[in-house]
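Heads up: the sequence shown is residues 142 to 387, going by our numbering. To start, the structure under review is shown below, and the notes come after it.
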Amino acid sequence: MQLYFGVGKISEATKDRVVYRVLSLNDLIQVIIPHFEKYPLLAQKKADFLLFKSALKLINEGKHLLKEGLIEIVNIKASMNRGLSLVLKQNFPGVMPVERLLISNQIIADPSWLAGFTSAEGFFFVSVGKSKNKTGYAVSLWFTLTQDSRDVNLFEVIKNYLNCGNVLVSTKDPVVKFNVTKFTDNFNIVVPFFSKFNLWAKSKDFLDFCRVAELINDKSHLTNEGLEKILKIKSEMNTGRKFNEV
């Protein structure tokens, strides 16, 4: 990503997590903003982008150096992401959050958008549970996307776009999930679709997902030898994969 944009820095947040940041005002205005104007966001995060863009404009005009301008920026920040911190709320007690745009009528015009979205928010998972078949275990594939529940409409768009899967809204947390659990849908729709794209950080998990799909399709999962292969692949996917292998 840093090579693609040619700006920003990468720092290590934890031993298995890194952060890419672009802090330069010039880089944000000349590189990052034009990119997302050319390739629009579809999730509700687009509203954050538009607010971010308006705040940058104020900073670029030097209005953040004036009390009125600073208050205007704080009002914008109050409507972005998770809103204001406790400290900011205490320092700006009269804050009036600006109106936040509700993103609707999303259309997936380019399949590469879904590939990029999946590389960030997707999860390819192999489930192995107890069963009454010969090996004593059943194997299934899960393709999952997770987002804030405010993006439930976007997930319905994705469901219709792929013509498979289910959209589930959590009753405990503000989370919505798009799941494809039916083997034929994963094998005939999910695998062929994402095989056309580079999923970057999720690439190796997707390739392992495909390997297991082939084993299931060949009925190898019904044999002890095939099940052992699947368990070995599963153990090295997602959180089981070493960080430097991504």
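Ideal placement from N, C-alpha and C gives every residue a C-beta, glycine not left out. Keep in mind it's a predicted model, so treat the numbers as computed, not measured.
*Using CA coordinates, which residue listed in Leu197, Leu356 and Ser220 is at the minimum distance from Gly210?*
Leu197
*Euclidean distance between Cα positions of Asp168 and Gln185*: 24 angstroms
*Does the beta-carbon distance from Lys217 to Leu166 come in below 8 angstroms?*
Going by the sequence as given, residue 217 is Ile instead of Lys. The answer is no: Cβ separation not under 8 angstroms.
*asked:* Asn274 and Leu372 - do their beta-carbons sit closer together than 8 angstroms?
replied: no
*Evaluate the contact criterion for the stretch 311–322 versus the stretch 353–370: three or more CB pairs, one atom per stretch, below 8 angstroms.*
no
*Please list the segments of the beta strand (DSSP E) lying wholly inside the stretch 156–232, counting only runs of 3 or more residues, in order along the chain.*
158–162
*Using only alpha-carbon positions, find the residue among Asn232, Phe328 and Val293 that is nearest to Asn246.*
Val293
*From which residue to which residue does the beta strand (DSSP E) around Gln288 run?*
Tyr278 to Asp289
*Hey, out of Asp289, Val298 and Met142, whose CA is closest to Lys313's CA?*
Asp289
*Tell me, please, whether the stretch 278–289 touches the stretch 235–243 by the rule of three or more beta-carbon pairs shorter than 8 angstroms.*
no
_Is the beta carbon of Lys194 closer than 8 angstroms to that of Ile174?_
yes
_Buried versus exposed call for Cys327 [16 or more other C-beta atoms within 10 Å across all chains shown]_ = The amino acid at residue 327 is misidentified as Cys; the sequence shows Asn. Classification for Asn327: buried.
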